[in-house]
Structure formats: C-alpha cells, structure tokens
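Here is the structure we will look at.
In the numbering used here, the protein residues as written are 70 to 380.
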C-alpha cells in the first residue's frame, strides 16, 4: 500500500502559487471550458470570434480583454472552404494573424482515439499555444454504438481538463443543448452530467425572452448573464452589460424555444398549443401578454407568430 503523506494547512497558506492565467479575462481562464447552444444559434461564429481576438490580442466579443497568444482551432464539422469564407467575412478580406492555426486539411483524429495525444503533441511542438478550440464535442468523439455513462463522459472530460492544467492552457469545447426545458439552464446541455461535472467553466448561449443571453458559471469566473447580439453585417458577436431580467414564466419560455432561434419560422396558435400540450385558449392568453411585452410578433399570415428580430 502506498504511504500517504500529509501537509499542514498553514504550509499550503505559505506556498507561493502563480496567479490564475486568463486567456480571455473574466470569461476563459486556463483549464477546460464548455460552450453550448442550440444548432445554428451561432456557436462557431462565437468561438471563431474569440480565436481571432486572442490571436490578435484584441477585445473579444466587444467586451473582454484577451492575453495575446497562439490559438489552435479544430473544426471537426467544417471544411476549408467554409473556414476561409468565415475568416474573410470576419476580417473583411484582411490577412489573419499568424498566431491562429488550424490542422492541415482540417483533419484531426477523434479525441477518444488518438486525438488527446495529438493535442499534447501540438502544444509541445508549437510553443506558445494557449487556447485550443474544439468544435464540436459530438463530432470530436467517436462513441460508435456504445451508450456512454456518467463515468465514461466524466473520464473523457477529465482527460481534456488534465491536459489544460498540465500545460497551463485553455481548452474551449463547443457542444449542443437539448430542446426540452430544464430546471437550470445548464441542465440543457446534451449528455450525462459527467459532461458538465468536469469543466472549470460553463457557458450557454440561449434564446430568451430578452433576446440571446450568454450564461456563465464556473469555479474561477463570476456567475453572470449577458445580453448578446450577433451582427450579421460584421459577423461578430457583441456582449453587452445590459441588465437581463428573468421574470418570464416557464410557459412563455417554452413558446420561445419552439422557434429554435429561427427568426423566419412562423407558428400558429394551434401549432403552439399542440406542441406545448396546452389549450388554444390558454395559448391565446399567453400570446397576448407576449405581444404586449415585445417577446413575440405577428407573422405574415393572420393567427401566425414569429420571434422579433434582434437589433
């Protein structure tokens, strides 16, 4: 049996420990961070915005200071044409900073096969990488026909976290949220709780009655909810200090979620009633309140409704 040595609490207090390294101040510290949201809500744009800002040492998301460093972006779901288009749109045709890297031919092994070892190799061979973005978790892991349990997910996430902590880097993992409404916004994240138990920071982009909200919680970050807007002209997310009010009912949030953040989608009272399991009379009353509050707007046809576009 191994001999266990003890240390006094006062000796820990006397230790000189380096302060926490922030890659994106007040948002992404060293360690493992998870960013989740519904499909097509703009997670990849959000992540690429951060990657460009860290590579340049500029302000990220129009709010957060960055520590300039090299960035490795691993886009499992994209091809070279799409990445080139996004970069050119974001940078207005200007050349990307030399600190931003992608895998050649955008090929990277699955993380639960050779991928973790390849991440270690990249960090050791390319000095100065401080941020690695993995887009997305579902495509980065080959689960095959196996049903992963809590322990499987937890062990995998711990493997990523240990790499981040060993090399004092930040790893940002992009993931999806489910359709159903959970008690906590962080319970929306797809998968077992093993996925959310290990990361140092959790971030959720969610369509709320107030608009898109960036929810943040973690071990080292201050818990916060920021109103966030994607600018379709500049292709950048802007996080603001606007106060977010959460006075909505579960029923009203359920109606918002039916639109899946699709501003062109229109639903009738009948469709909303069927999808929510409530009577048409009850839905009509809720819709009237939402119209007054500006949480929903009339559609192109009588009796149809849609989300108001964000400014």
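Just so it is clear, CB atoms sit at the ideal spot from N, CA and C, and this is done for glycine as well.
In this text, all values refer to a predicted model and were calculated from it rather than measured experimentally.
- Assignment of residue 366 by DSSP, reduced to helix, strand and coil, places it in the strand class.
- In the DSSP annotation of this structure, the continuous segment of the beta strand (DSSP E) that includes residue 243 starts and ends at 239-245.
- Distance from the CA of residue 241 to the CA of residue 182, rounded to the nearest whole angstrom, comes to 19 angstroms.
- Within a 10 Å sphere around the beta-carbon of residue 117 sit 16 or more other beta-carbons, which makes this residue buried.
- Under DSSP, residue 105 forms a beta bridge with 244, 273.
- Looking at the DSSP output, residue 337 bridges to 373.
- With 16 or more neighbouring CB atoms inside 10 Å of its own CB, residue 281 falls in the buried class.
- Check the Cα spacing between residue 107 and each of 268, 258, 287, 132: the tightest is with 258.
- Contact annotation: residue 324 and residue 338 have beta-carbon atoms that are not nearer than 8 angstroms.
- Spatial neighbours of residue 175 in its own chain (CB-CB distance under 8 angstroms, excluding positions within 5 residues in sequence) are listed in chain order as 144, 147, 148, 149, 152.
- By a beta-carbon distance limit of 8 angstroms, residue 199 contacts residue 136. Their separation comes to about 7 angstroms.
- Taking all protein chains in view, the Cβ of residue 129 is crowded by 16 or more other Cβ atoms within 10 Å, so the residue is classified as buried.
- The beta carbons of residue 170 and residue 139 sit closer together than 8 angstroms.
- Distances from the CA of residue 87 to each of 234, 320, 341 were compared; the closest alpha carbon is that of 234.
- Collapsing the DSSP output to three states places residue 200 in a strand.
- Residue 100 sits in a strand when the DSSP states are folded into three classes.
- Nearest in C-alpha terms to residue 92, of all of 270, 260, 351, 308, is 270.
- Cβ neighbours of residue 266 within its own chain (closer than 7 angstroms, five residues either side excluded): 223.
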